[in-house]
Structures are given as structure tokens and as C-alpha cells.
Amino acid sequence: MRALIIALASFLLAGCSVIPKSVLKEVDRDITIDMVQAHPERYAGAKVLWGGIILNSENLEEVTEIEILETELAFDERPEDGSSKGRFVLQSPGYLDTNIFSKNKRITVAGTVKSIERRKIGKMDYPYPIITPIEIRTFEPLSEYYEPNYYGPYGPYGPYPYGPYGPSYPYGPNYPFGPYRNPLYPYPYPFP
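Numbering (my numbering) for the sequence shown: 53 to 244.
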């Protein structure tokens, strides 16, 4: 039974990654952007797995360049919201459609560190790691839309234990003190 559970768990977790296993075996997940920026000669040719949000994509004569704001990757190699260690440029030989790789889409890249290239961000010089891709996956931007029937953790009536009508709902406002009596009807009731 235990072997069956372990086999089932490994089967389910194997399907979680967006990058093929063969590529994941080749990359070094410990290499970060700031490490490559600090020692570009040491990490030239290293295979990395990075992800983030696309800032810009442009088709040049022989390559397509995609500028990416790096963010951390989740357990399934999808980019998460959160802190960033910097930017990098994906330089893919040939043509990539800039409508597919459009601004604000999330992207995960397994690739090889080619070099560092200094470019301007505003008026500041910034060292961009240049990555040649092995595998690329894109994801749609996260939506802030909530289902119209989502009421939060309390349900449609809020955190009140009796719902919208109060504690004496089916019996009226005097229920804790006896049956409901209509104040406009003469007392006692003509029926038992």
C-alpha cells in the first residue's frame, strides 16, 4: 500500500513541471542573475532556469530579443509575484512572434548564459545577462477578476451566525419569549 501511495504521488508530481525533465536535469537552479552579473566569465556557458514578466520583445535582423523582469519560480516552475533580482534578455536565434511574447506575460526560460551586455535603463547603465534559450514557456498575465458569486470565507451573509434575518427568523422578533404575536391583532387569538 505504501509503495502504491509513493508511486501515485511521484506520478502526480511529475506532471507539475512546465519544462521537460530532460532539460531540468541539465540546468543549475542555484545560479541567480546577480551571481552572473558579478562574475560573467565564471558563468558563461552555464545552463540556468529563470522566469519572470516580459517587459519588451523585439524582432531584430537575425534574432528576437525579449527583455524580462526576473521573479522567483514556484514549485511548478511558473513565475510568481514577488521580489526581483534584476532583468535579463532572452536572445533567440530566428523569429519569435512578438504577439505571443507580449508585454506583461509570464515566462519561464531554460537556457544558456551567453554573456553580459551593458544597456541603458533610463539614464543608468545596466548589465543585462544574455540568455540563449533551450526551452521557453509563456503564461497569461494573472487576472484580478473574482467570480461574481465569491462571498469570501463567511458566505453571502457575512460573519453573522443567524444569517440576514436575525436569531428569531422563522418565529419573529419575540421568539425567545414565546410564540410570535401580531401586535395589531387582538389578544387572545380567537383560535387555539
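Quick reminder that beta carbons are idealized off the backbone N, C-alpha and C, glycines included. Note that the coordinates shown come from a computational prediction; the quantities given were computed from them, not determined experimentally.
Q | DSSP-derived helix/strand/coil call for I85 | A | helix
Q) What's the call for I152, buried or exposed, on a 16-neighbour Cβ count within 10 Å? A) exposed
**Q.** Alpha-carbon spacing of R170 relative to R139, whole angstroms
**A.** 12 Å
Q. Out of curiosity, what's the CA-to-CA distance linking N156 and I106?
A. 5 Å
Q.
Which same chain residues end up closer than 8 Å to E122 when comparing Cβ atoms and leaving out the 5 residues on each side of it in sequence?
A. I85, W102, G103, G104, S136, K137, G138, R139 and F140
**Q.** Distance, P179 Cα to E187 Cα
**A.** 23 Å
Q: Answer with buried or exposed for R158, where buried requires no fewer than 16 other C-beta atoms within 10 angstroms of its C-beta.
A: buried
Q | Other residues of its chain near V75: CB distance less than 8 Å, five sequence neighbours each side excluded | A | A162, I186 and E187
Q. DSSP on K175, reduced to helix/strand/coil?
A. coil
Q | Residue interval of the alpha helix (DSSP H) (run including K73) | A | K73 to E78
Q.
Just checking: is the beta-carbon of I168 within a distance shorter than 8 Å of some beta-carbon in chain D?
A. The structure shown contains no chain D, having only a single protein chain.
Q: Have a look at the DSSP bridge pairing and note the partners of T123.
A: G103
Q: Using alpha carbons as the reference points, say which of R130, L112, V79 and D80 lies closest to P193.
A: R130
**Q.** Boundaries of the alpha helix (DSSP H) in which R94 is found, first to last residue
**A.** P92 to Y95
Q: Spell out the partners DSSP gives P2 in its beta bridges.
A: Outside the shown range of the chain (53 to 244) lies residue 2, about which nothing can therefore be said.
Q: Name, in chain order, the residues that DSSP records as bridge partners for G163.
A: V100 and P185
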